[in-house]
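Below: one structure, written as structure tokens.
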Amino acid sequence: MAVAKAAIASGVARQTIDNWDEYTTELRKRLGKDDGIMRTLSARAQNNPKRVVFAEADNYKTLRAAQIVQEEGIAIPILLGDEERIRHIIEEYAFELEGTQIIDPSKQSKTEEFKKYVDHLYTKRQRRGISHLEAEKLMRSNRNYYAASMVEFGQADTFISGLTRTYPNTIRPALQVIGAKPGSRVAGMYMMLTKKGPIFLADTTVNEDPCAEDLAEITILVNNAVKERFNITPRIAMLSYSNFGSTEGRVADKAREAVKILHEKAPDIIVDGDLQANFALNKEMLNANFPFNKLNGEAANTLIFPNLESGNIAYKLLQEVGEAEAVGPILLGMNKPVHVLQLDSSVREIVNMVKIAVVDAQSREK
79 MAVAKAAIAS GVARQTIDNW DEYTTELRKR LGKDDGIMRT LSARAQNNPK
129 RVVFAEADNY KTLRAAQIVQ EEGIAIPILL GDEERIRHII EEYAFELEGT
179 QIIDPSKQSK TEEFKKYVDH LYTKRQRRGI SHLEAEKLMR SNRNYYAASM
229 VEFGQADTFI SGLTRTYPNT IRPALQVIGA KPGSRVAGMY MMLTKKGPIF
279 LADTTVNEDP CAEDLAEITI LVNNAVKERF NITPRIAMLS YSNFGSTEGR
329 VADKAREAVK ILHEKAPDII VDGDLQANFA LNKEMLNANF PFNKLNGEAA
379 NTLIFPNLES GNIAYKLLQE VGEAEAVGPI LLGMNKPVHV LQLDSSVREI
429 VNMVKIAVVD AQSREK
């Protein structure tokens with residue numbers, strides 16, 4: 079939109095634009111297959127923007143995304159990293175981040191906050207092999223520990239990281255500093271924006287080989303997240319290579335057992351299975367062959383995979399071959415809002431994750 083305004087102001091444009099709201103909507107429609115849900119999240123975030131720590135702020139993409147979310151009123155960015163390098167990138171690309179807080183954890187060792195963060199990490203991990211000296215070193219050298227500590231102690235509302243680090247190296251500090259909700263497990267979910275609308279996939283990033291009880295717990299986490307954060311009623315398929323017992327085996331058996339547990343313990347959740355993916359996503363096939371299913375006559379919009387391997391492969395295939403846009407991974411079950419990026423995410427993907435992080439923080443406030 080800024081380009082169009084500049085073109086009109088300079089006289090380069092051959093036509094003027096009378097309704098900028100309509101033009102903005104038209105631009106957004108061109109951005110993705112189902113940008114409607116992201117516009118809704120953006121509007122919700124703008125109603126109550128939160129403080130978001132960017133743990134990898136000495137990076138062009140991160141700073142570009144920080145500028146966008148600040149300009150659009152989605153979030154209040156806090157930048158972690160080498161201050162000199164961050165300011166150099168801001169100046170080089172003329173980013174408008176004047177007044178944005180910049181923190182270099184490597185230079186905070188004499189502050190009270192730093193000492194408090196170190197003591198907290200040491201207390202939580204002293205029986206897991208971390209000495210006080212090592213806790214201090216981690217807090218100084220690994221920005222994810224510092225960012226997680228800021229969220230833990232209320233200096234920020236959520237943090238975003240993972241652009242330049244592997245998923246395990248990004249999530250580990252958050253688990254060690256913040257941890258899961260009491261009595262909960264942690265799981266990973268992707269929202270795939272497809273031609274058929276948004277589809278939610280879990281667990282795609284955390285639990286390697288969950289048992290039936292674990293699958294039931296993951297399903298409850300996902301069901302709550304889809305309803306609360308995205309205002310969508312989940313219709314959940316427990317996936318397998320089998321349809322309602324058509325084939326026996328360990329994977330199919332645990333999928334059926336998970337559904338049985340859910341029907342007994344959480345009867346309000348719309349879930350069925352075991353189901354093959356094509357039947358789960360095609361309501362005509364599903365209802366013609368299995369009219370007794372409990373998906374209310376509709377196709378599933380939420381898929382629970384029997385193990386990490388299948389879920390991870392599926393979302394990456396959808397992303398590359400199916401040309402679906404992946405939003406995530408969305409981390410579920412953490413005690414406070416933490417969100418991890420895909421390695422080498424685009425600026426758009428970072429902005430989308432910030433929207434989700436802010437809405438997550440808002441929902442926890444309630």
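When we follow our numbering, the leftmost residue of the sequence shown carries the number 79, and every step to the right adds one.
Built from N, CA and C at the ideal position, the CB exists for glycine as well.
Two segments are said to touch when three or more pairs of C-beta atoms, one from each, lie closer than 8 Å; by this definition the segment 232-246 does not touch the segment 205-213. Distances from the alpha-carbon of residue 131 to those of 161, 224 and 191 put 224 closest.
Of the candidates 146, 303, 244 and 140, the residue whose Cα lies closest to the Cα of residue 410 is 303. Residue 309 counts as exposed, since fewer than 16 other beta carbons sit within 10 angstroms of its beta carbon.
Its Cα nearest to that of residue 121, the residue 436 stands out among 359, 206, 436 and 444. DSSP places residue 266 in the uninterrupted beta strand (DSSP E) bounded by 265-272. Annotation for residue 155: the continuous beta strand (DSSP E) segment containing it runs 153-158. Residue 179 is bridged by DSSP to 156. Inter-residue distance for residue 306 and residue 414 is about 15 Å (C-alpha atoms, whole angstroms). Judged by DSSP secondary structure, residue 351 falls within the beta strand (DSSP E) whose first and last residues are 349-353.
For residue 251 against residue 220, the beta-carbon gap comes to about 6 Å, under 8 Å, which counts as contact. For residue 206, the closest C-alpha among the options 254, 320 and 394 is that of 254. The beta-bridge partner set that DSSP reports for residue 417 consists of 238. Beta-carbon to beta-carbon, residue 407 and residue 266 are separated by about 4 Å, close enough to satisfy the 8 Å threshold. The beta carbon of residue 284 lies closer than 6 Å to those of 264, 265 and 266 in the same chain, with the five residues before and after it left out. Annotation: residue 202 to residue 188 spans about 21 Å, alpha carbon to alpha carbon. A Cβ-Cβ contact shorter than 8 Å links residue 382 with residue 296. The C-beta separation of residue 371 from residue 350 comes to about 5 Å, placing the pair in contact by the 8 Å criterion.
If you compare the alpha carbons of 217, 209 and 427 with that of residue 194, the shortest gap goes to 217. CA-to-CA, the gap between residue 226 and residue 416 works out to about 8 Å. Contact annotation: residue 374 and residue 313 have beta-carbon atoms nearer than 8 Å. Annotation: the continuous alpha helix (DSSP H) that includes residue 144 extends over 138-149.
When secondary structure is reduced to three states using DSSP, residue 373 falls in the coil class, being assigned neither helix nor strand.
Collapsing the DSSP output to three states places residue 362 in a helix.
With a cut-off of 8 Å on Cβ pairs, the segment 418-430 is in contact with the segment 134-154, counting three or more such pairs. Note: residue 190 is not bridge-paired with any residue in the DSSP secondary-structure output.
Contact check for residue 271 against residue 392 fails: the beta carbons are separated by 8 Å or more. Between residue 353 and residue 317 the beta-carbon gap is near 6 Å, inside 8 Å, which marks them as a contact. Cβ-Cβ distances below 8 Å link residue 139 to 241, 423, 424, 425 and 428 in the same chain, with the five nearest sequence neighbours on each side left out; the list follows chain order. DSSP places residue 217 inside the alpha helix (DSSP H), whose first and last residues are 210-219. Annotated three-state conformation of residue 230 is helix, per DSSP. In this structure, residue 389 places its C-beta atom within 8 Å of the C-beta atom of residue 280.
The distance from the Cβ of residue 249 to that of residue 229 is about 14 Å, inconsistent with a contact at the 8 Å cut-off.
Residues of the same chain with a CB within less than 6 Å of the CB of residue 315, apart from the 5 flanking positions on each side, are 351, 353, 358, 378 and 381 in chain order. Out of 369, 298 and 275, the CA that lies nearest to the CA of residue 405 is found in 275.
Residue environment: residue 421 is assigned as exposed (fewer than 16 neighbouring CB atoms within 10 Å of its CB, all protein chains considered).
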